[in-house]
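Q: In my numbering, the protein residues as written are 4 to 832.
Right, here's the structure in full:
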């Protein structure tokens, strides 16, 4: 128990970097098992331990705090349990399964055991090392010193690590491993082919050429109508073909590039995004509608957009190509100064990267000479993201693939800064046969081994980890556009930029040692993530309230970043003195500042109540024409954040004593918000609080919100539709019947199998008035059966829900009085 107490107590302050007392309570509750006492752990979850031949279980923190996003998943670990020993590896015959590694070089682990073990490997493999890795090992109740003999590889050059002899040797051996793997036939096959191209090795070219011709022929022979559901496959396919064509000028593949590029450009959404599939027509059948079903997935959509861009560079001449690049550039460019590109059409994430999406954006913008601001922002964010490589929805494989490529856009200094901070992890993922392993799980953490061998998990959903690292170690060769063949001049970072990026990445911990004055200065940091950390930390300090006048002054200053940081701090400090300046900033020309002011007012909670009428007016003033995109704020995120402050916060209990002359047009404005999640903010007020006359007043807007799903964030677009249908049914408005049928017919969205049952219950509540719908509902049964995009179990649920609804309507004898939105009462049918 002594080990456990020491770790927990010694790191309480460290975990407080989260910025709240909740973090302290959480840290006290984390129990790290002492492996020398026989603690039971899940040995199938393990990490690769470099070229030693070992895999080991290492304590990973629960995924409930910000440290996880920062790659500090094993920060509490002080022991490593050996779970696998590779045959014919350096550890074979020396280490045993069940050994507990307590330290290296005669010292017990006093920090993250995984990172310290990796650094010890680097020392052993270095020019000054002798190849000796000395381990303190607990075995059968006793601690002993054990030595592993590793190969000497040399050192990375600090100023140019990937130009070192060590890096070249690693690349050569990884290429040998990649040659043995070959090129797969799934969506990730083109990534392995890209790695082979990037390596510059002539022996790969026959294989690469055959693969290029194979998938080019497959593309031309395939019916385009049957290619619209695989953006993961098609994006990397076209990316590879474009890079291959630009490198070889092999005209045999150009027809496929032409077909793919045009199809992708035509299949792009109105916001420049993509989902798991292409082709998202508008309701009237035109191009560039909303992303259907599951909604947008930026991790594939960004690659599609890079492929379209490269298709244009290959010479694809179609009127859809340039507008597609422009739409994507405007959409992803609007995240500058906000944070990391999110999963889909959402507000930015509070990290320097998230599963490689900022890195992808860096490459996308760096390939466009006319986008220097966006290129530098995303490149600097990626350079600062060395802590974020191990976090991402579906795991972090794409982070490994794109991370170094994004930093490389900033030039040699940026790549060196990123790599030097990450090299311990790269060397930990490298195995003794020269290949690399994927150690990742959703959302982060150790990977599960495939077959109880040292080689563990050999792929990330088909993606070869060896291929991803070949791309990284091939960067100095600059063979591909995505690896810098034409240079990335708009994104080049200076030594000062790189130093700032590294400092900002570490600020989540460093802020604990800052004075209040230093925290105030950090509110003007280049990084939106560091600004947030500074604001969180400042709000915790006892001096916070006394600094409010200074922060109000900064919020009015000429320095754009200081204004943003000051807004964040004022929101978290929650002093009502800040209300006037925050309200004023809602009308500022800086669109990011408007959002930060709205976010701050949301943080204020009930302290913002004196400004309720002004917030309602701001909601009204922030309205825009339906289906008209403001590319500075395409998702209406400022209005959505204000709605969160008002409807989730201040009016979360009731709407008593609210000025209806402001509330009604504010609700009306939100019913036209571009974002599905944003519209949903008024759902509770619609269902709970509105009188029949108020519903009639909002009737046309409610009907429109039911009939037309919000164009952005469609996954969350059904909440307001269901709420609108419920309030129409609550007062028996006849128009709800037709709207409900349409709502049911458009249930091809994520989670619709559960939603269909709710819709049927709402329609059945109309009693006998719903009987005229029965013929159409019987047709709906067949429509649900034919939805092949859904798995059989989901189709079965939907069919059962409709059949149950039909049975309920057939059996009902209730004859409620119906109302009409535009007239008076109507007799029941």
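C-beta: ideal position from N, C-alpha, C; glycine also.
(1) State whether the stretch 251-270 contacts the stretch 213-222, with contact taken as three or more CB pairs (one from each stretch) at a distance under 8 Å.
(2) Alpha carbon to alpha carbon, how far is residue 654 from residue 661? Give it in angstroms, no decimals.
(3) Here's the rule: buried if 16 or more other CB atoms are within 10 angstroms of the residue's CB, otherwise exposed. What is residue 536?
(4) With a Cβ-Cβ cutoff of 9 Å, do residue 196 and residue 478 count as a contact?
(5) Would residue 796 be called buried (16 or more neighbouring beta carbons within 10 Å of its own) or exposed?
(6) Please classify residue 291: does DSSP put it in a helix, a strand, or coil?
(7) Please specify which runs of the alpha helix (DSSP H), each continuous and at least 4 residues long, are wholly inside the stretch 180-215, giving them in chain order.
(8) At what residue ranges does the stretch 569-635 contain a whole run of the alpha helix (DSSP H), taking only runs of 4 or more?
(9) What are the complete alpha helix (DSSP H) segments, minimum 4 residues, inside the stretch 294-343?
(10) Under three-state DSSP, which class holds residue 441?
(11) I believe residue 577 touches residue 607 by the beta-carbon criterion, under 8 Å. Please report the beta-carbon distance rounded to the nearest angstrom.
(12) When we look at the beta-carbon of residue 616 and count the other beta-carbons within 10 Å, is it buried (16 or more) or exposed?
(13) On a CA-only basis, which of 368, 589, 126 is nearest residue 426? Give me that one, please.
(14) Between which residues of its own chain and residue 649 is the CB-CB distance below 6 Å, once the five residues before and five after are set aside?
(15) Give a yes or no on whether the C-beta atoms belonging to residue 569 and residue 586 are separated by under 9 Å.
(16) Considering only DSSP beta bridges, list what residue 137 is partnered with.
(17) Threshold first: 4 residues or longer. Then list the alpha helix (DSSP H) segments lying entirely within the stretch 32-118, N to C.
(18) Identify, in the order they occur along the chain, each residue of the same chain with its Cβ nearer than 8 Å to the Cβ of residue 802, setting aside the five sequence neighbours on each side.
(19) Would you tell me roughly how many angstroms separate the C-alpha atoms of residue 718 and residue 306, rounded to the nearest one?
(20) Between 87, 39, 438, 44, which lies nearest to residue 59 when the distance is taken from Cα to Cα?
(21) Using the beta-carbon count (16 or more within 10 Å), is residue 482 buried or exposed?
(22) When burial is assigned at 16 or more other CB atoms within 10 Å of the CB, is residue 285 buried or exposed?
(23) Any idea if residue 609 is buried or exposed, counting beta-carbon neighbours within 10 angstroms, 16 or more meaning buried?
(24) Could you give the DSSP three-state label for residue 3: helix, strand or coil?
(25) Can you tell me whether residue 840 is helix, strand or coil according to DSSP?
(26) What is the rounded straight-line gap between the Cα of residue 644 and the Cα of residue 598?
(27) Measure from the alpha carbon of residue 224 to the alpha carbon of each residue in 158, 263, 440, 398, then state which is nearest.
(28) So, at 6 Å on beta carbons, what are the nonlocal neighbours of residue 438 in its own chain, with the 5 sequence-adjacent residues on each side left out?
(29) Quick check on residue 715: does DSSP put it in helix, strand or coil?
(30) Quick one: residues in its chain with C-beta nearer than 6 Å to the C-beta of residue 546, no 5 flanking neighbours on either side, listed in chain order?
(31) Confirm, please, whether the CB-CB distance from residue 313 to residue 242 is below 9 Å.
(32) Would you list the residues sitting across from residue 433 in a DSSP beta bridge?
(33) Cα separation between residue 565 and residue 596?
(34) Would you check if the stretch 346-363 and the stretch 480-496 touch, i.e. whether three or more CB-CB distances between them fall below 8 Å?
(35) Where does residue 274 fall in DSSP's three states?
(36) Do residue 50 and residue 431 have their C-beta atoms closer together than 9 Å?
A: So, from the listed chains and residues:
(1) The stretch 251-270 makes contact with the stretch 213-222, as at least three CB pairs between them are under 8 Å.
(2) In this structure, the straight-line span from the alpha carbon of residue 661 to that of residue 654 is close to 9 Å.
(3) Classification of residue 536: buried, given that the 10 Å Cβ count is 16 or more.
(4) No, they are not a contact pair.
(5) Here residue 796 is exposed. Its C-beta has fewer than 16 other C-beta atoms within 10 Å.
(6) Assignment of residue 291 by DSSP, reduced to helix, strand and coil, places it in the coil class.
(7) With a minimum length of 4 residues, the unbroken runs of alpha helix (DSSP H) contained wholly in the stretch 180-215 fall at 192-202.
(8) Taking only runs of at least 4 residues, the alpha helix (DSSP H) segments lying wholly in the stretch 569-635 are 582-588, 594-607, 615-624.
(9) Complete alpha helix (DSSP H) runs here, min 4: 301-317, 324-336.
(10) Residue 441 falls in the coil class under three-state DSSP.
(11) The pair is a contact, with the Cβ atoms about 5 Å apart (cut-off 8 Å).
(12) Exposed: under 16 other Cβ atoms inside 10 Å.
(13) Ranking the options by Cα distance to residue 426, first place goes to 126.
(14) For residue 649, where only same-chain residues beyond five positions count, the Cβ hits under 6 Å are 618.
(15) No. Outside cutoff.
(16) Partner(s): 150.
(17) Whole alpha helix (DSSP H) segments, 4+ residues: zero.
(18) Scanning its chain for C-beta atoms nearer than 8 Å, with the 5 sequence neighbours on each side dropped, one finds around residue 802 the residues 784, 787, 788, in chain order.
(19) Distance between the alpha carbons of residue 718 and residue 306 is about 21 Å.
(20) Measuring from the Cα of residue 59, the nearest candidate turns out to be 87.
(21) The residue is buried, with at least 16 neighbouring Cβ atoms inside 10 Å.
(22) A residue is called buried once 16 or more other Cβ atoms fall within 10 Å of its Cβ, and residue 285, having fewer, is exposed.
(23) By the Cβ-count criterion, residue 609 is exposed, with fewer than 16 other Cβ atoms from all chains shown falling within 10 Å of its own Cβ.
(24) Missing from the structure shown is residue 3; the chain here goes from 4 to 832 and no further.
(25) Since the first and last residues shown for the chain are 4 and 832, residue 840 lies out of range.
(26) Cα to Cα, the separation comes out at about 7 Å.
(27) It is 263.
(28) Exclusion of the five residues before and after residue 438 leaves 180, 469 as the residues of its chain whose Cβ lies within less than 6 Å of its Cβ.
(29) Of the three classes helix, strand and coil, the one that applies to residue 715 here is strand, per DSSP.
(30) Answer for residue 546: 519, listed in chain order.
(31) If you check the CB distance, residue 242 and residue 313 come in under 9 Å.
(32) Residue 433 is bridged to 439.
(33) Looking at the two C-alpha atoms, the distance is approximately 10 Å.
(34) Taking 8 Å as the limit for Cβ pairs, the verdict is that the stretch 346-363 does not touch the stretch 480-496.
(35) Three-state DSSP puts residue 274 in coil, outside helix and strand.
(36) Result yes, Cβ atoms of residue 50 and residue 431 sit closer than 9 Å.
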